[in-house]
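Residue numbers (the working numbering), protein chains in the order written: chain A, 2 to 114; chain B, 2 to 112. Okay, so here's the structure we're looking at.
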Amino acid sequence: AQSVTQLDSHVSVSEGTPVLLRCNYSSSYSPSLFWYVQHPNKGLQLLLKYTSAATLVKGINGFEAEFKKSETSFHLTKPSAHMSDAAEYFCVVSGRDTDKLIFGTGTRLQVFP
Amino acid sequence: KAGVTQTPRYLIKTRGQQVTLSCSPISGHRSVSWYQQTPGQGLQFLFEYFSETQRNKGNFPGRFSGRQFSNSRSEMNVSTLELGDSALYLCASGEAGYGYTFGSGTRLTVV
């Protein structure tokens, strides 16, 4: 069975500093992995996806993530945080031969001016 | 093209009633999946439909049911509502290779 673990429930950064949101996955096969963002009272927006192509994946709004099979990690990074990045972020894995998504518990990102 | 459309956006129901939520996927998408989001349990998988067939079902009681129509639109039904069913219900369409698009959700409040 697949699962994802988000290692931090809350992350606080200052505007203009780097962002690191950590995610480890467990899967018996090569997984498809995603990061989604949810702003307050909004739906989920896809930031980026990994589907066994390039291991460094670039997404929207300057975010990127690196798939590291040896570490079973898929951490999300951004070089410089912006106030508008404050939101909840979810690491997600999809099932094999299905479109069932398994969500991590989420990381709330706070950005201070 | 149009995104995933969920209706209604908000619902208030009384305990014991039933409710039906609707999800229209992106045109051409045959897969629709449903999720329940609550502060305590996070995002949990409810069901997944592909070409009118339920492929997977999450760990929810039989009061939760769903279906998919030939035009890929999907509905989920919750009967005998309980206070604990209050949640944001989200649906998604797509596939792993292209990513999944979520609707804005239906916020259900049971009083």
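All C-beta atoms, glycine included, are put in the ideal place defined by N, C-alpha and C. Bear in mind that the values here come from a model prediction, so they are computed numbers and not experimental data.
S10(A) and S53(A) have their alpha carbons spaced roughly 27 Å apart. Note on I61(A): under 16 other CB atoms within 10 angstroms of its CB, so exposed under the neighbour-count rule.
Residue contact with chain B for L45(A): present (Cβ-Cβ distance below 7 Å to some residue of chain B). At least 7 Å separates the beta-carbon of V79(B) from that of F61(B). Selection L47(B), Y99(B), L91(B) evaluated against S25(B) yields L91(B) as nearest (Cα-Cα). I13(B) sits in a strand when the DSSP states are folded into three classes.
Residues of chain A whose Cβ lies closer than 8 Å to the Cβ of L82(B) do not exist; the shortest such Cβ separation is about 22 Å.
Taking 7 Å as the cut-off, the beta carbon of G63(B) is found no closer than this to the beta carbon of L47(B). With a 10 Å radius around the Cβ and a threshold of 16 neighbouring Cβ atoms, V112(B) comes out exposed. The three-state secondary structure of G85(B), taken from DSSP, is helix. Look at the region 6 to 38 of chain B: the residues with a C-beta under 8 Å from a C-beta of chain A are S32, S34, Y36. Not flagged as an interface residue toward chain B: S29(A), since no C-beta distance is shorter than 7 Å. F75(A) sits close to Y26(A), with the two beta carbons spaced by under 7 Å.
Within a 10 Å sphere around the beta-carbon of I13(B) sit fewer than 16 other beta-carbons, which makes this residue exposed.
Looking at A66(A), K70(A), G107(A), the one whose alpha-carbon comes closest to that of A87(A) is G107(A). Between the C-alpha atoms of L110(A) and H30(B) there is a straight-line separation of about 32 Å. At a Cβ-Cβ threshold of 7 Å, V94(A) and P32(A) count as neighbours. Within chain B, the residues placing a beta-carbon under 8 Å from that of F35(A) are G100, Y101, ordered along the chain.
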